[in-house]
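Down below is the structure, laid out as structure tokens.
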Amino acid sequence: MRKFNDYDVVSLKSGVATDVNDVLVSNPISYLVSSYRRACAIKQTNALSQIVEDCRKSIVRQIVLLLLVDAESDNPESSTNLFDIIYQALCTDDGDQIAYIQKMFDEVLNHLESESLSDVSIEESCPQSALNSLRPLVNRLLIQLRNIYYSSVQSPTVVNSFLNKQLVGARERVLFCPQRRPLLIMTIWLSKYSVTAQLIIELSFPQSFSSGSFRPDEFEGGLLGRLLVPSHLHSPQAAETIFLTNQAPIGEFFTEEVPLKSVVESEQRTIWQLTEQMDLELNTLFTNLLRVGKRRPYIKKLLFKWFGGCIHANKARGQLAHSIMNHDLLSRSNTPNLAGDGFLSNFTAVLVRLTGPLVTLPEKPPLDKIWPEYATDSCADRTVLPDLRGETRLAPANKIFKKSENAPLVVMNNEDYPLLTELFFLAHAAIRIGWTSLIARHFETGQQLHRLEDQLQPHESDNSNDSQVIFLRRFMRERTARYLEQSTSLSCMSRLKDQLSFAVTTCRFLVKLAKCILDKNSSYSNDTTTSTSESTSFSHGCLSDLPEYLVDNVVELVSYLRRGKDEFLESVEVSSIPLEPLLEFSIIFMNHTGLLTNPHLRARLAEVLESLVPQRDDEAWNTNTSGSGLLNSLHLSFHRREKLMNRDSEITDDPVLSNAVRALLTAFVSIELSPGTGVVGSAGSAADAVIAASSSSTSQNSSRQPDSHLNSSDSQTDTGNNSSSSGGNTATDTQTAAVGFEEKFHYRRPMYACLRYWYGKPLYDVQFKRLENEALAHIDDVNPPLFLQFLSLLVNDAIFLLDEALSLLAQLKQTERERDKRGGKLSSSSDEALFAHTGRLARHHIMLGLDTIATLRRVITLCSQLITHPILVDRVACMLNYFLTRLVGPKQRDLNVRDKAAYGFKPDLMVLEISAIYQILARGSDSAVETDTETIASSSLPSSSESFRRAVVSDERSFTPDLLDQACRVLDRIAAPIDLCNKFAEAVRLIKAENVIKTSEELDVDDAPDEFIDPIMGCLMEDPVKLPTSGQIVDRKTIYRHLLNDSTDPFSRKPLTMSQVEPQENLRSAVRMWIDERRAQRLSKNTQGKEQQSS
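Numbers 1 to 1095, taken from UniProt numbering, label the letters of the sequence shown in order.
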């Protein structure tokens, strides 16, 4: 043996133990790793430190050399052996062993990267030699992930024809799986280096990704996908699958036959703990990949390509989430080959957290790093979201809302966009497919459970073995487990906090862009919503560049929190997240319709406003007193929201809240629109109407269907409402179509909640008064004032809902009689189903009708002048008379259904509300808040109480002298408040006195000339006007009332505005002259009669 020099030998005073296996091992990688471990174990001294360090470096070089040599010879042995050593170390609890393995692995990868990438451009891929040296190791990692097996989860055994084959099975998706964590830690180690990071991403794409022939769920089968699939969520099973199989509940959690609250809460805590740990590790993994991508843009481009490809492939899930009334909406049978809820939920959580400062909310978030023009970039090579450019925009880039005058930055390469810009849009796109779809499925599952409960209710008392009952119970057990899984996932505190932070940042960003736009309008200088000193120009795009689903994502989150996690906004965990951006965002975008042209989405902003209202006590008739799905309303805290919505009771000019009422009424009115009319919410000149100082918000209503008894004019003219829009609507016009009945009242509910809370608070009461005064001063403007439109629609809604509710109750009463004749059951199951459906409809209409009439009463209490204007007073008086007749008159027997509570029918409350409106309007200003006397004088209106009393007694269809006496008796019988009884009695006395005066002044107009008679209402015209579009002459108040609801000529169906009508002064004078002659004749006859009697 050759003699070694002294300096070539390391002498140790104490020996280092050597494992026999290290000496006998034939695997060079294992031997080198053992040598590295021994080198690390040598006690470091000044004399030995450099020598040991050189030895370690030599060992690392030998390992890298072996990997490169094996790669050249296509031999994966060294790479797979290295994987086995690392994996075995990570599977142990030996911290020292894991530490030296990690250190050794880091040095190997560092050396490999420095050797192989020194001459390679950062814009290019890593060289194949370096990739091939570690490809077997990363391949082995993927294989190991595929082979994970955890026996504690039950996998469904279902007939193949009813279950799509999934690339990732149920056992590979389990959340609690100790075998997976070592693989995740190893992936985190690998993600810090360019070569291995590129391999990780490449092995995450579907195999046929480049050709496009792949299934969307193949993204779950890649390396990153398999790390993102672990979840407690399972897709709801199809009904036929549940019917054909009798298997144990699937999943790790919520498998009990009857879920116990304590067990459910314990499992929820376990899930949240596991999810938070997984999120932290996944965030570390993807943050490492982003850091590598920052050093090498090629890898960043590859990673973002995977993000965008996954979102694009699963875009159908976001579309399905917005389908309405589609049962089994997101079941596996309706979402073939799409990625699962668990994968997409984790995917979304990762992307949201990757936005960094947009979630952590520093004092000044870097909003300037988000460039709106990214959403309109037409170059396919520069965008990772191929569908982004085709999305519907928030607002059209019209002549009013222009882009910044500054020239936009010319973007030549993808990396020229700020990283936060790409992450911002990726996160929102992911929320659309992974968060909003899960919310939709959650509420759909809840509705299915309610339907199943209704079907099982008749069988609760018996232990029926009927196959249908067994199936229903099995179905309900499965849906209960899915509901609990979804609820637990959506209420994970850490993810909710990230989502809320991201939503708040989005609101700040949108408000900033909105201020930039509004500051450029000269008319905006008088608006106090924003301060121009806070607004700055934006040189990288504007609001019209952004897709509208940014707003939709914010609304979906806040709406879910309101319905399912109402206490979250008051929790300590989110106390640092400000709520002011949500408030300002909702008010600005409701108030200025040009900023958000979609009326559906604008109306949904009321849900954001409602969630910030510190009140959850529903009206007295609403039996549901729960403020959320988790806590009773009495247990909720509203400290933060109370402080937000009530800044200072003495301050009535708050820069944001001072526009809250106007904003809400604008959204209320613009739900119902006439396409292409140029009024609020429509295309074209909408912005002019919005920003006008005197009347900033107007709209038209084309979807109302009033009952013929209460609105004879509208019943004759609404026939063609649905066809009144022009045939050549633009793309923008399609967004202004009128919403349907169900949607409209879905939007109304949160608005009623806001109006209920605001009532009686000075900050908001003064806004109502301001709007009423504005409406009285501009009653003859080209476009009807906002407050007039609002009152008109409110009256229309009250008429429709209550009349429809009473009609349905009459049908139910008749059906109950038929059931009694047949022994308590109808002849067929379809008839029984129709009876139950009619009952649900009746309850729906009654609840909404009572909400509407209560809102009308509150508004009238504050603002009683406009409601008694000739345009509205007749309709209001007819409405009150008609409903009072139905409720207290002889026909009330038709409404006496057997179980009133089941339908929410409380006629006593209806009578109270209607009586309150009667006494407010009939008694005059002492029963309502006083109005600006100068405004009233300038409007040339008669006394409001006089007008109302005359309208009540002039209603020949419903009013009788005994009607109000019957109402008094009902009030006494139901023990109404004494104050209300006394005021109503005084109103009755005044109305009866008015009836006497009216009778004495009544004229016989049966023989009036035809040209004096209104062709729509059939009454004598007071102020005739000519319609230029048809040549017909009608009374001014008749056509005004019609145009409040439909912007077309009732005869020709051509567009028409009040500014176009032509006054007929000669005809008006002739009518007045004819009336004066009749009065003179009547006075003469009365005088002659008295003289004859005296003689």
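All C-beta atoms in this analysis are idealised placements derived from N, C-alpha and C, irrespective of residue type, glycine included.
Item to check | CA-to-CA distance, residue 551 to residue 915, given in whole angstroms | outcome: 42 Å
Item to check | For residue 1035, the residue or residues it bridges with in DSSP | outcome: 1024.
Next on the checklist: Using 8 Å for Cβ pairs, my map puts residue 173 next to residue 230. What's the rounded Cβ distance?
Outcome noted: Yes, residue 173 and residue 230 are in contact; Cβ-Cβ is about 6 Å, under 8 Å.
Item to check | residue 122 burial status per 10 Å Cβ neighbour count (16 or more: buried) | outcome: exposed
Item to check | Straight-line gap, residue 85 to residue 577 (C-alpha atoms, nearest Å) | outcome: 46 Å
Checklist entry - Does DSSP put residue 898 in a helix, a strand or coil? => result coil
Checklist entry - By DSSP, does residue 411 sit in helix, in strand, or in coil? => result At residue 411, the pLDDT of 43 sits below 50, so the modelled position is not reliable; the number obtained from the coordinates is stated separately. Note: residue 411 maps to coil in three-state DSSP.
Item to check | residue 195, enclosing alpha helix (DSSP H) - first and last residue | outcome: 194 to 202
Checklist entry - Considering only C-alpha positions, which residue in the set 970, 868, 943, 811 is nearest to residue 895? => result That would be 811, whose Cα lies nearest to the Cα of residue 895.
Next on the checklist: Between which residues of its own chain and residue 40 is the CB-CB distance below 6 Å, once the five residues before and five after are set aside?
Outcome noted: 100
Item to check | Residue from 777, 794, 1042 with nearest C-alpha to residue 749 | outcome: 794
Next on the checklist: Relative to the C-alpha of residue 806, which candidate in 439, 850, 465, 106 has its C-alpha closest?
Outcome noted: 850
Item to check | Nearest-angstrom Cα separation, counted from residue 307 out to residue 796 | outcome: 49 Å
Next on the checklist: Tell me which residue opens and which closes the alpha helix (DSSP H) that residue 297 is part of.
Outcome noted: Taken as a continuous stretch (DSSP letters only), the alpha helix (DSSP H) holding residue 297 covers 297 to 313.
Next on the checklist: Using a Cβ-Cβ cutoff of less than 7 Å, which residues in the same chain neighbour residue 639 once the five nearest sequence positions on both sides are dropped?
Outcome noted: 570
Checklist entry - Helix or strand or just coil, what does DSSP make of residue 726? => result With a pLDDT of 34 at residue 726, under the threshold of 50, the predicted position of this residue should be treated as unreliable, and no value is reported.
Checklist entry - By Cβ distance below 7 Å, which residues in the same chain neighbour residue 1109 in space, the five residues on each side in sequence not counted? => result Because residue 1109 is not part of the residues shown, which for the chain are 1 to 1095, the question remains open.
Checklist entry - Does DSSP classify residue 451 as helix, strand or coil? => result helix
Item to check | Sub-8 Å separation of residue 988 and residue 964 beta-carbons | outcome: In contact: residue 988 and residue 964 (Cβ atoms closer than 8 Å).
Next on the checklist: If you measure between the beta carbons of residue 1039 and residue 1061, is that distance less than 8 Å?
Outcome noted: With respect to the 8 Å criterion, residue 1039 and residue 1061 are classified as neighbours on the basis of their beta carbons.
Checklist entry - Excluding sequence positions up to five away, which residues of its chain have a Cβ less than 6 Å from the Cβ of residue 428? => result 550, 553
Checklist entry - Got a sec? Which residues, its chain only, sit under 8 Å from residue 513 by beta carbon, not counting five neighbours each side? => result 372, 538, 542, 543, 546
Checklist entry - In three-state terms, what does DSSP make of residue 1048? => result strand
Item to check | Per-residue burial, residue 979 [other beta carbons within 10 Å of its own, 16 or more giving buried] | outcome: exposed
Checklist entry - Thinking just about the alpha-carbon of each residue, which of 606, 986, 833, 424 is nearest to the one in residue 352? => result It is 424.
Checklist entry - Which residue comes first and which comes last in the alpha helix (DSSP H) that contains residue 903? => result Counting along the chain, residue 903 falls outside any alpha helix (DSSP H), and DSSP gives it neither H nor E.
Item to check | Three-state secondary structure assigned by DSSP to residue 1096 | outcome: What is shown of the chain runs 1 to 1095, which leaves residue 1096 out entirely.
Next on the checklist: By alpha-carbon positions, which one of 120, 60, 80 ends up nearest to residue 108?
Outcome noted: When only C-alpha atoms are compared, the closest one is 60.
Checklist entry - For the region 86 to 125, which segments carrying the alpha helix (DSSP H) assignment without a break, of at least 4 residues, lie completely within its bounds, in sequence order? => result Within the region 86 to 125, the complete alpha helix (DSSP H) runs of at least 4 residues are 95 to 116.
Next on the checklist: Beta-carbon within less than 7 Å of residue 387's beta-carbon, same chain only, minus the 5 sequence neighbours each way: which residues are those?
Outcome noted: If we look at residue 387 and ignore the five residues flanking it on each side, its Cβ neighbours are 312, 315.
Next on the checklist: So, with DSSP's three-state summary, where would you put residue 393?
Outcome noted: Under the three-state reduction of DSSP, residue 393 is assigned to strand.
Checklist entry - Using the rule of at least 16 other Cβ atoms within 10 Å of the residue's Cβ for burial, across every protein chain shown, is residue 540 buried or exposed? => result buried
Item to check | Chain-order list of residues whose beta-carbon lies under 8 Å from that of residue 880 (same chain, five-residue window excluded) | outcome: 914, 917, 918, 952
Checklist entry - Just checking my contact of residue 1020 with residue 1008 at CB under 8 Å: how many whole Å lie between their CB atoms? => result The pair is a contact, with the Cβ atoms about 6 Å apart (cut-off 8 Å).
Next on the checklist: Can you find the residues in the same chain that come closer than 8 Å, C-beta to C-beta, to residue 872, ignoring five residues on each side of it along the sequence?
Outcome noted: 788, 791, 792, 795, 866, 1041
Item to check | Per-residue burial, residue 1097 [other beta carbons within 10 Å of its own, 16 or more giving buried] | outcome: Because the chain spans 1 through 1095 in this model, residue 1097 falls outside it and cannot be assessed.
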